[in-house]
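What follows is a short report on a single structure.
Residue numbers (the numbering used here): 1110 to 1523.
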């Protein structure tokens, strides 16, 4: 505990110095880090290969290994995401509002860094780079606690980050990797209110539940994605099938992949038969009784409609009305990403108004719920709550505000 506390105190002190950096200074540091990451790419990929080897030996599911895996293409993508962060407008010091009172007081609402952000995440070593780059550009220190399955990868990445910071003349105390994998350590850091200003859990339901139930620090919940695709009675069925295939099969391990297909009864027979012909050999179908009148599938249980599979499994249900589809989504969804396929504009508007989710799509794949796809370069995660931020979290989500007031001797009369 003492070592963790000392590290977090050093992180807090370093974050206060970072808060005073100009956008130009921060960009120069990020370029230096980008350079060292590129220089050590082979070493980082070698460390990742060791993590993959151990995960496969432990019998880890293919979907989770995909989350863990770094490839040269993915690595180059991470470096490219840093370009977008560097080129983005500095979110710190932005005047959001300014006004003058009748007594002459001049008030300004200005964006400021959060301070120290802790992110607790599973697998996904790409998050290590994304989280650092976003936090640093927003003037925050970052505490990284990845999973044991990605430890070798994360250690290699953070070592490169620290090397780049030191080459730029900046203390590497602005980033800290917690290497201890035990949940006890997570419980300890969740109580460090004087060192950590915000904690972001990014992973499965168990992790998010543990953090929200034990944190004494403000929490932004992210990630859990039971996403739905609803094929309305007026849908272009060929387009619906193309979107479903992308939403479900492009990457099954990610939180924005489709887990449940809802189909209006008016188009169920045609659409489900076409869907099965194209996808049944690639994905296991778990369907309601009405769906199974048209396709071969395992019987779906209620648990299947609650599940974030992160696997080649798709729950299927036929609904009688638009209202039934919306009710199903609002009951079983995780407020992440939902999409309707329809040619009926009134239904499209009703869907966007009535479905409670961070991202609501019309005639598009849920796979776009991502900081990179939204133009942020990277993301800290996808917030599924309603306070402060919601949806993919980029730079603007990582700052707070303060009021700056200028006077010339005013005193309050009452």
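Heads up, the beta-carbon is just placed ideally off N, CA and C, and yes, glycines get one too.
> Taking the beta strand (DSSP E) that residue 1205 falls in, what are its first and last residues?
Replying inline: For the purposes of this step, residue 1205 is identified with residue 96 of the chain shown, where counting begins at 1. Element bounds for residue 1205: 1204-1209.
>> Let's see if you can read the secondary structure: which residues bound the alpha helix (DSSP H) around residue 1173?
In response: For the purposes of this step, residue 1173 is identified with residue 64 of the chain shown, where counting begins at 1. 1171-1177 is the span of the alpha helix (DSSP H), which, as asked, contains residue 1173.
> If we call anything under 7 Å between Cβ atoms a contact, is residue 1315 one with residue 1364?
Replying inline: Mapped onto the chain shown, residue 1315 falls at position 206. Mapped onto the chain shown, residue 1364 falls at position 255. It is not a contact, given that the beta carbons lie outside the stated cut-off.
> Can you list, in chain order, the residues of its chain whose CB lies under 8 Å from that of residue 1260, leaving out five sequence neighbours each side?
Replying inline: Start at 1 with the first residue of the chain shown, and residue 1260 comes out as number 151. The residues are 1160, 1288, 1290.
>> Helix, strand or coil, according to DSSP, for residue 1110 in the structure here?
In response: Position 1 of the chain shown holds residue 1110. Per-residue confidence for residue 1110 stands at a pLDDT of 49, beneath the threshold of 50, marking its modelled position as unreliable; no derived number is given.
> The alpha helix (DSSP H) with residue 1250 in it runs from where to where?
Replying inline: Taking the chain shown and counting its residues from 1, the one referred to as residue 1250 is at position 141. Careful: residue 1250 lies outside any alpha helix (DSSP H), inside the beta strand (DSSP E) at 1250-1254.
> For residue 1110, which residues of its own chain have a beta-carbon under 8 Å away from its beta-carbon, when the five flanking residues on both sides are left out?
Replying inline: Against the chain shown, residue 1110 aligns to sequence position 1. Residue confidence is low: residue 1110 scores 49 on pLDDT, short of 50, so the model does not pin down where it sits. Its coordinate-derived value is still stated next. These residues qualify, in order along the chain: 1297.
> Going by alpha carbons, who is nearest to residue 1406 out of 1452, 1390, 1476?
Replying inline: The count along the chain shown starts at 1 and reaches residue 1406 at position 297. Here the closest residue by C-alpha is 1390.
> Where does the unbroken beta strand (DSSP E) through residue 1548 begin, and where does it stop?
Replying inline: Not covered by the structure: residue 1548. The range shown for the chain is 1110 to 1523.
>> Under DSSP, the beta strand (DSSP E) around residue 1424 begins and ends at which residues?
In response: Taking the chain shown and counting its residues from 1, one reaches residue 1424 at position 315. First-last of the beta strand (DSSP E) with residue 1424: 1422-1428.
> In its own chain, which residues sit with a C-beta less than 6 Å from the C-beta of residue 1212, not counting the 5 before and 5 after it?
Replying inline: Taking the first residue of the chain shown as position 1, residue 1212 is located at position 103. Within the same chain, residue 1212 has close Cβ partners 1519.
>> My assumption, with CB atoms under 8 Å, is that residue 1356 sits in contact with residue 1474. Please give the rounded CB distance.
In response: The residue you call residue 1356 lines up with position 247 of the chain shown. The residue you call residue 1474 lines up with position 365 of the chain shown. Yes, they are in contact, since the Cβ atoms of residue 1356 and residue 1474 sit about 4 Å apart, within 8 Å.
> What do you get for residue 1496, buried or exposed, if any count of 16 or more other CB atoms within 10 angstroms of its CB means buried?
Replying inline: Counted from its first residue, the chain shown places residue 1496 at position 387. It is exposed - the Cβ of residue 1496 has fewer than 16 other Cβ atoms within 10 Å.
> What whole-angstrom Cβ distance do residue 1091 and residue 1361 have, given they're in contact under 8 Å?
Replying inline: Summary: the structure shown does not reach residue 1091, with the chain confined to residues 1110 through 1523, and so no result is reported for it.
> Out of curiosity, what's the CA-to-CA distance linking residue 1202 and residue 1241?
Replying inline: For the purposes of this step, residue 1202 is identified with residue 93 of the chain shown, where counting begins at 1. For the purposes of this step, residue 1241 is identified with residue 132 of the chain shown, where counting begins at 1. The straight-line gap from Cα to Cα measures roughly 20 Å.
> Quick one: what's got a C-beta closer than 7 Å to residue 1220's C-beta in the same chain, skipping five residues either side?
Replying inline: If you number the chain shown from 1, residue 1220 lands on position 111. Answer for residue 1220: 1200, 1201, 1202, 1203, 1205, 1508, 1510, listed in chain order.
> How would you label residue 1139, buried or exposed, when you count the other beta carbons within 10 angstroms and need 16 or more for buried?
Replying inline: Counting from 1 along the chain shown, the entry for residue 1139 is found at position 30. Burial call: buried.
>> Please state whether the Cβ-Cβ distance between residue 1231 and residue 1312 is less than 7 Å.
In response: Walking along the chain shown from the start, residue 1231 turns up at place 122. Walking along the chain shown from the start, residue 1312 turns up at place 203. Contact: yes.
> Is it the case that the Cβ atoms of residue 1428 and residue 1371 are separated by a distance below 7 Å?
Replying inline: Taking the first residue of the chain shown as position 1, residue 1428 is located at position 319. Taking the first residue of the chain shown as position 1, residue 1371 is located at position 262. It is a contact, given that the beta carbons lie within the stated cut-off.
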